[in-house]
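Heads up: the sequence shown begins at 6 in the working numbering, then just goes up one per residue. Structure first, then comments.
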Amino acid sequence: MEKNSAAKELLSHSDDAKAPELSKSDVTIMAETSEHEKFIEELNREAFGPARFTRAAHLIREKGGHDKSLSFVLLLGGDLVGTVRMTPIVVGNANGYLLGPIVVSPKTKSLGLGSLLMRHAIEQAKEKHVPFILLVGDEPYYRRFGFFKVAYGKIIMPAPVNPERLLALELSEGAMDEATGLVLNKNQSKRQA
């Protein structure tokens, strides 16, 4: 069997067919580049639709952009099938990052690729000494990565967010202590100063 044939078979298999087994050599995670932009936009459009432009996380990202050194794409057999982005934020006197969106192609759901992207993003954030990561998502899913619910009213997003879905991960002890108030894109915060 040629290299990456399992990945190619997976991407072309029908929904009712049994998915092939994947090996580590089938999967590559790399830093996002401008060449990935069109793919990422299409994947986000497919996953979230036009409502994505009204979400609190999108409003934060559009105020100053995301950090490409902490934003990644996942390739399966050479095809782009997943993405995760991190945006620098300020919450009160605390600097951190907003994680999201994280998206994998519907054809690759339930293969653990989203978990691979999450773990990679978290490890890279640790290496860059990111104090904490904030996200909006389902706590039962993100708990496995160490995320916990933010205390009600402690952090305010720029648009309504279900408080049960506002989650944080401290990468250094006490990093969330001064994270109180409105979440701003760090680049937006610099312009307002």
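Glycine included, C-beta positions come from ideal geometry on N, C-alpha and C. Quantities reported herein were computed from a predicted structural model and do not represent experimental measurements.
Task: Nearest neighbour of G119, chosen from E42, V89, P168, R66 [CA to CA] - done: V89
Open item on the list: As an exercise, report each continuous beta strand (DSSP E) stretch of at least 3 residues that is fully enclosed by the region 102 to 175, in chain order.
Closed with: 137 to 141, 171 to 175
Open item on the list: Tell me the residue span of the beta strand (DSSP E) that contains L75.
Closed with: Careful: L75 lies outside any beta strand (DSSP E) and carries neither H nor E.
- [ ] Please work out which residues of its chain come closer than 8 Å, Cβ to Cβ, to A180, disregarding the five sequence neighbours upstream and downstream, and give them in chain order.
- [x] A99, G101, P136, F137
- [ ] Have a look at L85 and A52 and give me their C-alpha separation to the nearest angstrom.
- [x] 15 Å
Task: Beta-carbon gap between L140 and L187 smaller than 7 Å - done: no
Open item on the list: Looking at the secondary structure, which residues open and close the alpha helix (DSSP H) in which A62 lies?
Closed with: 61 to 67
Open item on the list: Between H63, G69, V78, T33, which has its C-alpha nearest F192's C-alpha?
Closed with: One point to set straight first is that residue 192 is Asn, not Phe, in the sequence displayed. Considering only alpha carbons, the answer is G69.
TODO: Flag this pair as yes or no: are the beta carbons of L79 and D31 separated by less than 7 Å?
DONE: no
Task: C-beta contact flag for T185 and K154 at 7 Å - done: no
TODO: Determine the burial state of R148: buried for a count of at least 16 other Cβ atoms within 10 Å of its Cβ, exposed for fewer.
DONE: exposed
TODO: State the beta-bridge partners of K48 as determined by DSSP.
DONE: Note that residue 48 is Leu in the sequence shown here, rather than Lys. In DSSP, L48 forms no bridge with anything.
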